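When you line the sequence shown up against our numbering, it's residues 649 to 948, in that order. To keep things clear, I will list the structure first and then write my remarks on it.
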Amino acid sequence: MFKKPFLWIVLIVLVFFISFKIGGEVHTRLLMLSDHLKGFFLDVYEGVESYHKRYFNQADEIEILNQQLHDKESLELQLIALQEELNNILMVNSSFETFSLHPNIEIVRILSYVEMGNYEKVWLEHNLKDMQEGKIYGLVHDNIAIGIAIVTNGRLLGILNGHPQSVFSVFIGEQKVPGIIKPQRGKYNLFANYIPTWLGINIGDEVVTSGLDGIFFKNIKVGKVVNIENSRGYLVAEIEPYPRNYELRYIWLIDIDEADLKMPTHSLDELDDVVFQEEQNMTTPKIETNTTINEAVEGE
């Protein structure tokens, strides 16, 4: 009889020991599982947070950086304009009221080509509120003059370098020799015409805008002279333009609140014939100046 209670006690102790052992292992395994679950959810949370920062915050940062880049480019262009105005003031030792150059510089978006296969004409996005029909505006990208813009049929048309209608005045070399950009259709290089033969220009000379046409202000880069020829009493400089990005989406529009440079009554092609004819008659070419440069553009 005594052995039975003893066996029950031993059995109870054994069961308790075994259950405690098993319970500890189960508890340990449950804790391990809990740790794995916590780690999994933390990984998911950190992954989502990292994804959010990488894509959403990055988009905000890119937008901020793009805005800062646009502001920087705009300030650079305004600095060029102000620098040239200051140089003019110092040269003539005159008052500030003498000069009325007030360029309005704003960014515009390229919407599309005007027609397929023609990469020199693009439609530009603009509200046209303060823009004038018949006025010519300058187009700039990376501090390089890349063409002109005009309002036509209620839309803003960009005419890029290489198109015969992209006409503006330039200075060549350190001597600031004047010329007029007149591209030739189908050619990448530009051509500066009506350069007086008695003024020296050289291959390698840098070409910049003159600021005398009311389209650009002075000293915006255009390209470099790669060839010089004589044509009908004038020099013609072939200019290799600085590289242009054909994936342009945004460019700068220059609106100068002054000037109407007077140009010949003839189109530029007709002017060539006039000069040649007068040269044959051994007379000094005489060019009437009673229309704006816009008529020369429209004459093309």
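Where a beta carbon is used, it is the ideal one built from N, C-alpha and C, also for glycine. Model, not experiment: these values are computed from the prediction.
The beta carbon of residue 839 is closer than 8 Å to those of 829, 830, 831, 832, 884, 885, 886 and 887 in its chain, skipping five residues each way along the sequence.
By the CB criterion at 9 Å, residue 817 and residue 807 fall outside the cutoff. Excluding sequence positions up to five before and after residue 854, its CB lies within less than 6 Å of the CB of 872, all in the same chain and listed in chain order.
Counted as a single uninterrupted DSSP element, the stretch harbouring residue 860 is not any beta strand (DSSP E), since DSSP gives it neither H nor E. For residue 847, there is no enclosing beta strand (DSSP E), since its DSSP letter is neither H nor E. Annotation for residue 767: no beta strand (DSSP E) segment contains it, and DSSP assigns it neither H nor E. In the DSSP assignment, residue 886 falls within the beta strand (DSSP E) that extends over 882-889.
Going by C-alpha positions, residue 881 is about 9 Å away from residue 843.
DSSP places residue 776 outside both helix and strand once states are collapsed to three, so it counts as coil. Exclusion of the five residues before and after residue 859 leaves 865 and 866 as the residues of its chain whose Cβ lies within less than 6 Å of its Cβ. In this structure, residue 773 places its C-beta atom within 9 Å of the C-beta atom of residue 758.
Residue nearest to residue 889 within the set 878, 823, 791 and 805 is 791 (criterion: CA-CA distance). Between the alpha carbons of residue 762 and residue 752 lies a gap of roughly 25 Å. An exposed status is given to residue 851, since fewer than 16 other beta-carbon atoms sit within 10 Å of its beta-carbon. Distance between residue 875 and residue 699, taken at the CA atoms: about 55 Å. Look at residue 815 here: in three-state DSSP terms it is coil, with no helix or strand label. DSSP, read as helix, strand or coil, puts residue 875 in strand.
Annotation: residue 833 is outside any beta strand (DSSP E) and is labelled neither H nor E by DSSP. Cβ contact annotation for residue 903 (same chain, cutoff 6 Å, sequence separation greater than five): 752 and 785, in chain order. Around the beta carbon of residue 725, 16 or more other beta carbons sit within 10 angstroms, so the residue counts as buried.
For residue 695, the three-state secondary structure derived from DSSP is helix. In the three-state reduction of the DSSP assignment, residue 896 falls in the coil class. Rounded to the nearest whole angstrom, the CA to CA distance from residue 825 to residue 841 is 11 Å.
Per DSSP, residue 868 lies in no beta strand (DSSP E) and is assigned neither H nor E.
Secondary structure of residue 801 (DSSP, three-state): coil.
In its chain, beyond the 5 residues on either side, 853 have a beta carbon closer than 8 Å to the beta carbon of residue 822. Residue 849 is not a Cβ neighbour of residue 857, given a cutoff of 9 Å.
Bounds of the beta strand (DSSP E) holding residue 786 are 784-789. Of the residues assessed, residue 696 falls on the exposed side of the cut-off, its CB having fewer than 16 other CB atoms within 10 angstroms.
Beta-bridge partners of residue 901 (DSSP): 754 and 787.
Residue 797 and residue 756 have their alpha carbons spaced roughly 11 Å apart. The C-alpha of residue 778 lies about 33 Å from the C-alpha of residue 820.
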